[in-house]
Amino acid sequence: MKNYPAEPYRIKVVEVPNILTRQERVEAMKEAGYNTFLLKSEDCYIDFLTDSGTNAMSDRQWAGMMIGDEAYAGSRNWFHFESVVKDTFGFKHVLPTHQGRGAENILSTLLIKPGDYVPGNMYFTTTRYHQEANGATFKDIIIDEAHDPEIDLPFKGNIDLNKLQAVIDEVGADKIPYVCLAVTVNLAGGQPVSMANMRQVRELCDKHGIKVFYDATRYAENAYFIKTREEGYADKTIKAIIKEMFSYADGATMSGKKDGIVNMGGFLAMNDDDMYTRSREMVVVFEGMPSYGGMSGRDMEAFAIGITESCRFEYIQHRVEQVAYLGDKLIAAGVPVVKPIGGHGVFLDARAFLPHLEQEQLPAQTLAAHLYIESGVRSMERGVVSAGRDKITGENHKPKLETVRLTIPRRVYTYAHMDVCAEAIIELYKNRSSIRGLKFVYEPPMLRFFNAKFDYCD
Ligand code: PLI
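The numbering used here applies: residue 104 is where the sequence shown begins, and numbers increase by one.
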C-alpha cells in the first residue's frame with residue numbers, strides 16, 4: 104500500500120461540532136432547501152463544503168495576529184505582506200483585496216471592453232461572473248480530457264494551445280484582453296497545469312501581444328504536482344517552482360483563503376506600471392487604502408506568514424496526499440470519482456453515481472443533499488446548478504462534469520475523518536438506486552448555487 108505522510112503538525116485547539124441523528128439531518132436538509140450552502144456549520148460533523156477560508160492557522164500566524172498594526176494607512180503588516188508576495192511570486196506590484204473576487208473585479212473592469220473574449224482553462228464561478236459582467240465572453244480552452252472524469256493525466260488542467268490559437272484566429276488578438284490561466288483548475292477537480300504548458304502559453308501569447316493573468320489561488324498545490332510529476336523539477340524547491348510558474352505571467356489574482364492558509368484576504372499583482380496606477384485608483388473605491396484593501400493589519404500579517412508556510416515541502420506534501428488518501432479509498436471501492444485526484448478535493452462523478460437521473464434532475468445537488476442526510480458530511484454541488492444559465496439564450500449551461508466536491512480544509516481534519524467520509528459514501532453508493540432527483544423551487548438570477556432552494560421532483 105502507498106505510504107501517506109502523517110500530519111506534520113500538533114493540534115492544540117479543537118472545535119466540537121454537533122453530531123445530529125439521521126432524522127435531525129433530514130429535517131435540517133429540508134429546512135435548507137436541499138442546498139448544502141444553507142445548512143448551519145455547527146450541524147455538519149465533517150464540513151467539506153469548501154477549502155476556502157476554512158484553513159487552520161498555525162501558532163505563528165495567530166501570534167502574528169497579535170502584532171496587527173491597524174493604522175488606516177501604512178500599516179507595518181502591509182509592508183511585510185507586500186515583501187512576501189513579491190519575494191514568492193516575483194511580481195513588481197501588489198495590491199491587497201478583501202478576497203479573490205475583489206481582485207477579479209478590478210482586473211476585469213480595467214482590462215475588459217464590451218465584446219471582448221477571455222479564454223481560460225475552464226471557468227470558475229466568480230471569475231467568469233466578473234468577465235461577463237464587464238461585457239466579455241468566456242472561452243473554455245482547457246484540454247478536452249479535462250471534461251472526462253475517467254481520463255487520468257498528470258496535468259489535466261493544461262491549456263490546449265490549438266484551442267487558444269483557434270480563438271485568436273476567430274476573434275482577433277485585439278479582442279482578447281488577457282488569457283486567464285488557473286493553477287490548479289478548481290472545477291476540473293483541482294487538476295494542475297504543467298510548467299511546460301505555462302511556458303508555451305506565454306510564448307503563444309507573446310507572439311500575438313496578449314497578456315496572461317493567472318488565477319493563483321492554489322499555487323502551492325500546483326507547484327507540488329510539478330515537483331512530483333514533471334521531469335526536471337524533483338530537486339527544485341516548492342518556492343523555486345512557484346517563482347518560475349509566475350515568471351510566465353503578467354500578473355495574477357489571488358484568493359488567500361485557499362493556499363494562503365488564512366480565513367480571509369486576497370491580492371492582485373502585476374508588472375505593468377500603468378496598470379498598477381489604475382488598479383490603485385480602483386482599490387481605493389472598492390476595497391480600501393492600497394495598504395490594506397479590505398484586510399485588517401492582522402489579516403495581512405497572518406497571510407504573509409501563511410504564504411511562507413505554504414512553501415514548505417512537508418506541509419504541501421501532507422496536504423495533497425491527505426486528499427489523495429480519501430480519493431484512493433473511494434476508487435478502491437469502485438465509487439466513480441474524477442481522476443486523477445486533484446489538489447484540494449475529491450470530486451464524485453454524480454452522473455455515474457446516479458445514472459438513473461437526467462442532468463435536469465440535478466444529480467450532483469441531489470447527491471450532496473443525500474450524503475449530508477446519511478452521514479453529516481457537507482459537500483458542494485459543482486455541476487449544472489453552479490454552471491448557471493447562458494446569458495443570451497437563458498438555457499442552463501450543461502457542463503460535462505456534474506460533480507459533488509468534497510473539499511478538504513487545510514490542517515483541519517485527520518485521516519480518521521477521511522475514513523468516516525469514505526465509508527459513508529461507499530454505503531450511499533450501494534443504496535444509490537432509491538435516490539430521487541431534485542428541482543428548483545427558488546432560483547436567484549446570479550451565482551444561483553449560493554442561495555437556491557430545491558425540492559424533490561414529482
Ligand atoms: O472566494 P474568493 O473571492 O476569495 O475567491 C474566488 C475564487 C477565485 N478563483 C478560484 C479558482 C476559486 O476557487 C475561488 C473561490 N473558490 C471557492 C469559494 C471555492 O469554494 O472553491
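Think of the CB as a built atom: it goes at the ideal place given N, C-alpha and C, for glycine as much as any other residue.
For a test of your reading of the model: does the CB of residue i fall under 8 Å from any non-hydrogen atom of the ligand PLI? Yes or no.
i, result
"Gln202", "yes"
"Arg332", "no"
"Gly136", "no"
"Ala285", "yes"
"Thr153", "yes"
"Gly359", "yes"
"Phe227", "yes"
"Glu207", "yes"
"Arg321", "yes"
"Asn180", "no"
"Gly292", "no"
"Thr356", "yes"
"Asn554", "no"
"Gly430", "no"
"Thr124", "no"
"Glu289", "Note on identity: in this sequence residue 289 is Asn, with Glu being the wrong assignment. For the ligand PLI, at least one heavy atom lies less than 8 Å from the Cβ of Asn289."
"Gly260", "no"
Are residue i and residue j close, meaning C-beta to C-beta below 9 Å?
i, j, result
"Asn374", "Lys242", "no"
"Lys503", "Glu253", "no"
"Met367", "Lys360", "yes"
"Leu152", "Thr517", "no"
"Leu371", "Pro280", "no"
"Gly445", "Glu324", "yes"
"Phe328", "Asp353", "no"
"Ala291", "Ile245", "yes"
"Ala407", "His233", "no"
"Tyr479", "Tyr112", "The sequence as given places Gly at residue 479; Tyr does not occur at that position. No, they are not a contact pair."
"Glu484", "Arg508", "yes"
"Leu457", "Cys524", "no"
"Gly205", "Gly397", "yes"
"Thr356", "Ala319", "yes"
"Ile170", "Asn180", "yes"
"Ser382", "Gly369", "no"
"Gln468", "Phe557", "yes"
"Asn208", "Phe389", "yes"
How would you call residue i, buried or exposed, if buried means at least 16 neighbouring beta carbons within 10 angstroms?
i, result
"Gln164", "buried"
"Tyr306", "With the sequence shown as reference, residue 306 is identified as Glu, and Tyr is not the correct amino acid for it. The residue is exposed, with fewer than 16 neighbouring Cβ atoms inside 10 Å."
"Ser537", "exposed"
"Glu530", "exposed"
"Asn237", "buried"
"Asn106", "exposed"
"Tyr220", "buried"
"His459", "exposed"
"Ile122", "exposed"
"Arg481", "buried"
"Phe553", "exposed"
"Val365", "buried"
"Thr506", "buried"
"Ala249", "buried"
"Ala490", "buried"
"Lys216", "exposed"
Let me know the secondary structure DSSP gives residue i once reduced to three states.
i, result
"Lys278", "helix"
"Phe151", "coil"
"His201", "coil"
"Gly193", "coil"
"Lys503", "coil"
"Gly391", "coil"
"Lys556", "strand"
"Phe450", "strand"
"Thr287", "coil"
"Met483", "strand"
"Tyr220", "strand"
"Ser489", "helix"
"Met348", "helix"
"Ser536", "helix"
"Lys115", "coil"
"Arg514", "coil"
"Tyr317", "strand"
"Phe416", "helix"
"Leu214", "helix"
"Phe140", "helix"
Can you find at least 3 beta carbon pairs, one from the segment 254-269 and one from the segment 291-306, that sit closer than 8 Å?
yes
With contact counted as at least three CB pairs below 8 Å, one residue from each stretch, are the segment 339-349 and the segment 408-416 in contact?
yes
Taking contact to mean 3 or more Cβ pairs, one atom from each stretch, closer than 8 Å, check whether the segment 418-429 and the segment 214-231 are in contact.
no
For the segment 132-142 against the segment 543-553, do three or more pairs of beta-carbon atoms, one drawn from each stretch, fall closer than 8 Å, so that the two count as touching?
The segment 132-142 is in contact with the segment 543-553.
Does the structure place the segment 183-203 close enough to the segment 402-413 that three or more beta carbon pairs sit under 8 Å?
yes
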